[in-house]
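Engineer: Below you'll find the structure I mean.
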Amino acid sequence: METADSIDDCRRFVKGAWSAPPVRAHLMRAPSTLLLARRRCLAVECLYVIRTAMAPREKKQSSSLRVPPQDTEVEMSVLGALMLDKDAIYRVADFLRSGDFYKPEHVAIYDAMVDLYGKKTPIDILSVSARLKEKKGLEPIGGTRYLTSLVNSVPTAGHVAYYAAIVNKKRVLRDLIAASHHIAELGYKEDSDVEDLLDQAEQRIFSISQTSLQQGFISIKDALGQAWDRLEQLHKGGGALRGVPTGFPDLDDLLQGLQKSDLIILAARPSLGKTSLALNIAKNVALDGKKPVAIFSLEMSQDQLIDRLISSESNVDSWRIRSGNLKDEDFTEIRSALQTLSDSPLFIHDVSSPTVMQLRTLARRLHREHDIGLIIIDYLQLIRGNTSV
5 METADSIDDC RRFVKGAWSA PPVRAHLMRA PSTLLLARRR CLAVECLYVI
55 RTAMAPREKK QSSSLRVPPQ DTEVEMSVLG ALMLDKDAIY RVADFLRSGD
105 FYKPEHVAIY DAMVDLYGKK TPIDILSVSA RLKEKKGLEP IGGTRYLTSL
155 VNSVPTAGHV AYYAAIVNKK RVLRDLIAAS HHIAELGYKE DSDVEDLLDQ
205 AEQRIFSISQ TSLQQGFISI KDALGQAWDR LEQLHKGGGA LRGVPTGFPD
255 LDDLLQGLQK SDLIILAARP SLGKTSLALN IAKNVALDGK KPVAIFSLEM
305 SQDQLIDRLI SSESNVDSWR IRSGNLKDED FTEIRSALQT LSDSPLFIHD
355 VSSPTVMQLR TLARRLHREH DIGLIIIDYL QLIRGNTSV
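Residue numbers (this note's numbering): 5 to 393.
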């Protein structure tokens, strides 16, 4: 027993005692008997301090009892279906991985199935049992009896792809939980470069989404059908461009417009109009094509780009706009240009010497919010590599 003469003594005692495992364990069993106070009010205060100290730990213990997302019965159904129908593996092998399973025994069983699949050996109870025995893993998973119970747990293999998708989804959820813990740890690395930490966090989440993507094959018959529909639509459109028009007829004839996923580089010696051409294309795509356009200006400021856009749309000399030496009739044209440009889906970001990670993050966010159809970067050589490179 210990005696506390004052509330401050009580607080100091609790603070020191709480870090000692024996005292902490005793406090968890009978907190009201740990401290004696000379006054009733002091005893109440001490008990309050003790319970306050206990609360965070109790909360942490309760949160640690949460079971990660998993469904053992569904995993059993998948494995049973794969042994029930030797052709079922073809319906899940392209997206289901052993790491998708939660139970270690199921991971070992599916690994054995994948080994058999790679050797073109039929998958059934006997072959899986033999393969596990070769790897000295039959007894740890429960022996042949457990394999038999897996087959008996599912009446048909017809729904194996559906069950496998559930197993895969549970793994994605577990990966998200693990990623959140990893990102939380990154937040405590105060001495690290924050951009590098952001890149690590983004890559962790991005890797989960990439792992979850399934890109199936398309038969030539289906592809040709889509090509025919596309050609027929172009023919009915009177020779309409397949991509987004740039507003320059000769360039559009060569490119057939700006196609999705195209990387187009404007190359020329300095001061020959690369930025002006890019801005004119951006303006035409946004105003005529009604496609949102993102402009990353790594050299010019936002004000300089806006002046150029106003000059291009109003046909007012750019020097007069920069110097303010404007005529009365210029204001009418400029007001009209401002109204037109204000309604266009143009987005400008003047960032100096950005990293690849910064541009990628900004582009993804803007595309998610506004479905960007064209991204312009002026200019390429000013992009820096990531700090970790």
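Glycine is no exception: its CB is placed at the ideal position from the N, C-alpha and C atoms. Keep in mind it's a predicted model, so treat the numbers as computed, not measured.
My output table needs one value for residue 4: the three-state DSSP class, helix, strand or coil.
Structural biologist: Only positions 5 to 393 of the chain appear in this structure, which leaves residue 4 out of reach.
Engineer: Should residue 225 be labelled buried (16 or more other beta-carbon atoms within 10 Å of its own) or exposed?
Structural biologist: Taking all protein chains shown into account, residue 225 has fewer than 16 neighbouring C-beta atoms within 10 Å of its C-beta and is therefore exposed.
Engineer: Have a look at the DSSP bridge pairing and note the partners of residue 354.
Structural biologist: 301
Engineer: Tell whether a beta-carbon distance below 8 Å holds between residue 247 and residue 285.
Structural biologist: no
Engineer: Please look up how many angstroms separate the CB atoms of residue 128 and residue 87, rounded, as I've assumed it's under 8 Å.
Structural biologist: 5 Å
Engineer: Once DSSP output is grouped into helix, strand and coil, what is the label at residue 37?
Structural biologist: Unreliable positioning characterises residue 37 in this predicted model, as indicated by a pLDDT of 38, which lies under 50. A coordinate reading is not provided.
Engineer: Suppose you measure from the CA of residue 177 to the CA of residue 73; what does that come to, to the nearest Å?
Structural biologist: 6 Å
Engineer: Just the Cα atoms here: how many angstroms apart are residue 167 and residue 152?
Structural biologist: Just so you know, the alpha carbons of residue 167 and residue 152 end up roughly 19 Å apart.
Engineer: Rounded to whole angstroms, what's the CA-CA distance from residue 310 to residue 262? Just pull it up for me.
Structural biologist: One C-alpha to the other measures close to 23 Å.
Engineer: Can you list the alpha helix (DSSP H) stretches of 4 or more residues lying completely in the region 235-284, in chain order?
Structural biologist: 253-259
Engineer: How would you write the range of the beta strand (DSSP E) that residue 378 sits in, first residue to last?
Structural biologist: Residue 378 -> beta strand (DSSP E) spans 378-382.
Engineer: Closer than 7 Å by C-beta to residue 170: which residues in its own chain qualify, once you throw out the five before and the five after it? Chain order, please.
Structural biologist: 75 and 78
Engineer: Starting from residue 359, follow its DSSP beta bridges and name the residues at the other end.
Structural biologist: 388
Engineer: What's the call for residue 172, buried or exposed, on a 16-neighbour Cβ count within 10 Å?
Structural biologist: buried
Engineer: Evaluate the contact criterion for the region 131-150 versus the region 95-111: three or more CB pairs, one atom per stretch, below 8 Å.
Structural biologist: yes
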